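Worksheet: one structure, shown below.
Number of protein chains: 2
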Amino acid sequence: MTSADVAHRAGVSTSAVSYALNGRPGVSDATRARIQAVAAELGWRPNSAARALSGARADLVGLVIKRPARSLGTEAFYTDLIAGLQSGLQEQHVGLSLLVASSLEDELAIYREWTRDRRVDGVVLTDPRQGDARLELLTALGLPAVVLSNHPSEPGQAPTVWIDDGAVTSTLLEYLWALGHRRIARVSGPEKYEHTVRRTAAMAAFLAERQAPPAQVVATDYSEGDGARATRHLLSRRKAPTAIVFDSDVLAVAGLGVAYEMGVSVPRDVSIASFDDSAMARLVRPRLTTMSQDTVEFGERAARLLLRQIDADGPVPSEQGPLVTLSVRDSTSPPTSR
Amino acid sequence: MTSADVAHRAGVSTSAVSYALNGRPGVSDATRARIQAVAAELGWRPNSAARALSGARADLVGLVIKRPARSLGTEAFYTDLIAGLQSGLQEQHVGLSLLVASSLEDELAIYREWTRDRRVDGVVLTDPRQGDARLELLTALGLPAVVLSNHPSEPGQAPTVWIDDGAVTSTLLEYLWALGHRRIARVSGPEKYEHTVRRTAAMAAFLAERQAPPAQVVATDYSEGDGARATRHLLSRRKAPTAIVFDSDVLAVAGLGVAYEMGVSVPRDVSIASFDDSAMARLVRPRLTTMSQDTVEFGERAARLLLRQIDADGPVPSEQGPLVTLSVRDSTSPPTSR
DNA sequence: TTGTATGCGTTATCAG
DNA sequence: CTGATAACGCATACAA
């Protein structure tokens, strides 16, 4: 079943078939329709290897995750993201190729190789950093990309699907503030990530605006151990915070465990909230108050944007991600004066 | 940078290059060595599209996951598995293509398409069922495959990497039995999966051997809601079980939540254990006693076996998966006579 | 043992 | 608007 078969059956040449099915000029509407009908009837699909070889599409997009392999499963984020990307891609018969890299050098090498071999038509970038070396390389390579980010892209750079971390932070703090919390601490992710920095800035601005003392922020590497340590540190202080916000729900659940062990009751003695939502936040007791985002939807949007960018001649504009909403559960309450 | 470049630089023909680098006869050891040296020096890697087109490798293997997209992230299993597969594949510069299918028909169609287009060199199958239609199709298509299973493969079928669910079940029950538990219930996964059936059989055999009454088994669809319902049902019975084993840690944590809400103390009033381990099992309080398996390692082994099967002429033998060990934590204790 | 020629299925160029 | 024809990079049967 090749394009030659389709051409033969439709009584045209293979180039006519190519033109007709790639929607480009060079063929009359009538023959185009006939060719499409024949192709559909024969169930023909272009051979992707041949297409890639002849310089067109590979019908594959890539995702490189730079995290230690063993820690990946801890967070639901990547799985949800992958599921969403997949779903958005499948509509166009485009596959997803996955790679776990252990270093930035590896990641950059992979992009070079993919470009050289036309292995993928584009890539999805996560965890943008400040002055991200990947963006530079990708524009140099001319490899289409979208970034899961927290702001629209700079002109000339790959478009982003973005969720405004500043607004998300304010929403959560607003809620805690309204409950009466004034000493709010934070257990954050690594400072090298843009979203960590954004949240820190938003939190500082929020508190400054209200003449509240600045928040104590303890950075972690997202690991459960670090989360536990940070929480232990915060709860041991002379004037312990009445509320702690965690950058991920793994950190938050680790913090919950520490509170339990220290005999600190949640939410009576300390309120706990997380920026990340997942099944785990709903499963633990008390259930975690979180900012919930639909990560699957996030992935779907990224996939569609990437496909558009691949098809487009010039740069396509960035796009806002799904809404993030506050899910109030059982881990937060007004502070009790101790 | 093509094989012609390498040939030119080494002063040989492209066919010599092909022979030399694919390790097949038709070239002397001396020239083979020289060609390899030149290829390494030039950093040449074969273009995968061209290889796929000319009937050789696509340097890509596929994984189809048949689960609803939104429920994927709930369980760490797939993420860990993907990370492991990736790691085992990367050693040979083979990529992983991922697809989430919503029905068996979709899944089968994908295998057909992948075969027709030589898009992948092989596939990894999870969640084998009894009389699995996929195995039949894959042998018919001649598409190499490995199955993540609980027993060695039938002769003539795709090899498996297998973990003996019967033994795992016995180990866990042995432990609970030694603690003194006699009324042990189980919250299981769907009965259509082989591993569910295996565990049920193993549990029945274990109890029968000790003249204990058969266990009450409540099947679920692996969802948190089903897990909560099942647990509520079991704990409401006249003679409630003193221990409950759960087929996954999501189910177990859901059960833990129900116990908490019903005022049933864990492990004092009921012991809880899970067949699945993940970060969540360690994060919740009380920490869950589980059977822990290294899923990343499982994936790595599957990847290596698949690569061997792809290279091999005939069928390769099945292989045992990583050891599953009991991790005793805080959710189990001897039953207290109430 | 080595080189030459052809095919894989598509896209793209360039005459008609 | 259409139909030959040449790449694309590799593998391989075949001839030297």
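Taken in order, these protein sequences are the chains called Z and W.
Just so we're aligned: 146 in the numbering used here is position 94 of the first sequence, and the numbers increase by one with no gaps anywhere.
Just so we're aligned: 126 in the numbering used here is position 74 of the second sequence, and the numbers increase by one with no gaps anywhere.
No residue lacks a Cβ here, since even glycine has one placed at the ideal position from N, Cα and C.
The structure presented is a predicted model; accordingly, all values stated were derived computationally and were not measured.
{"Asked": "Per-residue burial, G373/W [other beta carbons within 10 Å of its own, 16 or more giving buried]", "Found": "buried"}
{"Asked": "Beta-bridge pairing of K244/Z - partner residues as DSSP gives them", "Found": "Answer is none; K244/Z lacks a bridge partner."}
{"Asked": "Candidates A256/Z, G241/Z, Q209/Z, E246/Z, of which the one nearest E226/Z by Cα", "Found": "A256/Z"}
{"Asked": "C-beta neighbour in chain W for G307/Z, strict 7 Å", "Found": "no"}
{"Asked": "Three-way DSSP call (helix, strand, coil) for Q88/Z in this model", "Found": "helix"}
{"Asked": "The alpha helix (DSSP H) enclosing M332/Z, as first and last residue numbers", "Found": "331-335"}
{"Asked": "Within the region 282-337 of chain W, ranges of the alpha helix (DSSP H) (whole runs, at least 4 residues)", "Found": "301-313, 331-335"}
{"Asked": "Partner residues on chain W for Y130/Z, Cβ-Cβ distance less than 7 Å", "Found": "T131"}
{"Asked": "Exposure of D173/W, with buried meaning 16 or more beta-carbon neighbours within 10 Å", "Found": "buried"}
{"Asked": "Separation of L193/W from V423/W, as counted between CA atoms", "Found": "Since the displayed chain W opens at 53 and closes at 390, residue 423/W lies outside it and no answer follows."}
{"Asked": "Proximity of V64/Z and A91/Z at Cβ, strictly below 7 Å", "Found": "no"}
{"Asked": "As assigned by DSSP and simplified to three states, the class of G147/Z", "Found": "strand"}
{"Asked": "Whole-angstrom distance between P196/Z and H166/Z, CA atom to CA atom", "Found": "For the record, residue 166/Z in the displayed sequence is Trp; it is not His. Their backbone Cα atoms lie some 12 Å apart in a straight line."}
{"Asked": "6 Å CB neighbourhood of L137/W in its chain, flanking five on each side removed", "Found": "L148, G351, A355"}
{"Asked": "3-residue-minimum beta strand (DSSP E) runs that sit fully inside the region 184-248 of chain W, ordered along the chain", "Found": "197-201, 212-214, 236-240"}
{"Asked": "Cβ neighbour criterion (16 or more within 10 Å) applied to L115/Z", "Found": "buried"}
{"Asked": "Chain-ordered residues of the region 143-154 of chain Z with a beta carbon less than 8 Å from chain W", "Found": "G147, L148, S149, L150, L151, V152"}
{"Asked": "S379/Z - containing beta strand (DSSP E), residue span", "Found": "376-379"}
{"Asked": "Coil, strand or helix - S344/Z by DSSP", "Found": "strand"}
{"Asked": "Within-7 Å CB hit, D365/Z to chain W", "Found": "no"}
{"Asked": "Nonlocal neighbours in the same chain, by C-beta distance under 8 Å from A253/W, ignoring five residues either side", "Found": "G218"}
{"Asked": "Classification of L156/W by the beta-carbon crowding that lies within 10 angstroms, buried from 16 upward", "Found": "exposed"}
{"Asked": "T223/Z versus Y130/Z: straight-line alpha-carbon distance, rounded", "Found": "24 Å"}
{"Asked": "Closer than 7 Å at the beta carbon, the chain W residues around M332/Z", "Found": "M332"}
{"Asked": "6 Å Cβ shell around A68/W - same chain, five flanking residues per side excluded", "Found": "V79"}
{"Asked": "Against chain W: residues of the region 197-211 of chain Z by CB proximity under 7 Å", "Found": "none"}
{"Asked": "contact_flag[the region 317-327 of chain W, the region 370-386 of chain W] where n(CB pairs < 8 Å) is 3 or more", "Found": "yes"}
{"Asked": "Within the region 70-122 of chain W, ranges of the beta strand (DSSP E) (whole runs, at least 3 residues)", "Found": "112-118"}
{"Asked": "Inter-residue CB distance, L335/W and I324/W (contact presumed, cutoff 8 Å)", "Found": "About 15 Å separates the two Cβ atoms, so there is no contact after all."}
{"Asked": "Coil, strand or helix - R164/W by DSSP", "Found": "helix"}
{"Asked": "Nearest to A62/Z (by Cα), restricted to the options P77/Z, R170/Z, W96/Z", "Found": "W96/Z"}
{"Asked": "Reference T283/W; option with closest CA among R238/W, D132/W, S300/W", "Found": "R238/W"}
{"Asked": "Start-to-end residues for the beta strand (DSSP E) that takes in V175/Z", "Found": "174-177"}
{"Asked": "At least 3 beta-carbon pairs within less than 8 Å: the region 329-348 of chain Z vs the region 294-309 of chain Z", "Found": "yes"}
{"Asked": "G125/W at chain Z interface by Cβ criterion, 7 Å", "Found": "yes"}
{"Asked": "Opposing strand residues paired with R181/W [DSSP bridges]", "Found": "Y245/W"}
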